[in-house]
Amino acid sequence: MFLLVGLGNPGDRYRNTPHNMGFDILDAWVALLGLTWERDARRQALVTTFKSSGVPWVFIKPQAYMNCSGAPVQSLLQYYKGSPAQVVVVHDDIDLALMEVKIRLSGGAGGHNGVRDLIAHLGPDFIRYRVGIGPRPEGPEASESLADYVLRPFSAEQKALKEEKMPKIIQGLQLLVDKGPDSAMNRVHSL
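Heads up: the sequence shown is residues 11 to 201, going by the numbering used here.
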């Protein structure tokens, strides 16, 4: 089993912002599979399931704010009787170029508060599927706070690149789930 967790913030205000990259990727993948989200109010999440070659996939979008994602994911992990090693967290990463992908098998939060909260609830041993939203602003925009940058809507140029690269991002994520992280890492990093 895999629990595929997209990180983001609930609500229209945060739609199409860099910090909601995890939600956007899971939304695109779920739509591609013809699935629909169901609300699990008890566990503060939107959830849907799929089976591939007999292996269940549970797609999860926590509906707590980004920095409080750990409790809903921990609750669902317990409900599905899974382990942190079965969790794949899809999240934005400001230190990677827009739509660049890196996979990490464990480790620290890398300055990401949503990942930090997941570590507090699950421990560090879950898979991170990091998708770039960078580069960090330079020039006159450099004075903009990081929070302002990640919570403002994508520019038209960024949105076009995101739409162009989304099929490859989903392909890489599916490769990770189908073939495992070791097999997927080199291929995903070169997509």
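The C-beta atom is built at its ideal place from N, Cα and C for all residues, glycine as well. Small disclaimer: the values here were computed from a predicted structure and weren't measured.
Handout entry: Residues bridged to Trp67 [DSSP beta-bridge criterion]
Key = Phe12 and Phe60, per the DSSP bridge assignment.
Handout entry: Candidates Phe69, Thr59, Asp34 and His122, of which the one nearest Asp22 by Cα
Key = Asp34
Practice task
Out of Leu156, Ala194, Leu86 and Asp188, point me to the one whose CA is closest to Ser62's CA.
Solution key: In terms of Cα proximity to Ser62, the closest of Leu156, Ala194, Leu86 and Asp188 is Asp188.
Handout entry: Among Leu183, Pro66, Ala194 and Ile143, the one whose alpha carbon lies nearest that of Asp37
Key = Leu183
Practice task
Determine the closest residue to Val160 out of Asn19, Val15, Leu13 and Met11, with distance taken between C-alpha atoms.
Solution key: Asn19
Handout entry: Touch test, the stretch 84-92 against the stretch 36-55, Cβ-Cβ under 8 Å, three pairs minimum
Key = yes
Handout entry: Cα-Cα separation between His122 and Asn77, rounded to whole angstroms
Key = 9 Å
Handout entry: Three CB pairs or more closer than 8 Å across the stretch 162-173 and the stretch 115-133
Key = no
Practice task
Quick one: grab the DSSP three-state call for Asp188.
Solution key: It is helical.
Problem - Which listed residue (Arg126, Ala74 and Trp39) has its alpha carbon closest to that of Asp50 - result: Ala74
Practice task
Output yes or no for whether 8 Å exceeds the beta carbon distance between Val100 and Phe136.
Solution key: no
Problem - Nearest-angstrom Cβ-Cβ length linking Val97 and Leu43, presumed shorter than 8 Å - result: With 8 Å as the limit, Val97 and Leu43 do not qualify as a contact, their Cβ atoms being about 19 Å apart.
Problem - Same chain only: Cβ atoms within 7 Å of Pro145, ignoring 5 sequence neighbours per side - result: Ala107
Problem - Cβ distance (whole Å) where Ser79 is taken to contact Leu156 below 8 Å - result: Not a contact, Cβ separation roughly 18 Å.
Exercise for the section: With DSSP collapsed to three states, give me the class of Gly124. Expected result: helix
Handout entry: Neighbour-count burial assignment, Ala194, 16 or more Cβ in a 10 Å radius
Key = buried
Exercise for the section: Could you give the DSSP three-state label for Pro145: helix, strand or coil? Expected result: Judged by DSSP in its simplified three-state form, Pro145 adopts coil rather than helix or strand.
Practice task
Please classify Asp105: does DSSP put it in a helix, a strand, or coil?
Solution key: Reduced to three states, the DSSP call for Asp105 is strand.
Problem - Residue from Val15, Met176, Gln181 and Leu185 whose Cα sits closest to the Cα of Asn94 - result: The identity of residue 94 in the sequence shown is Pro, whereas the question assumes Asn. Residue nearest to Pro94 within the set Val15, Met176, Gln181 and Leu185 is Val15 (criterion: CA-CA distance).
Problem - First and last residue of the uninterrupted alpha helix (DSSP H) at Asp34 - result: Met31 to Leu42
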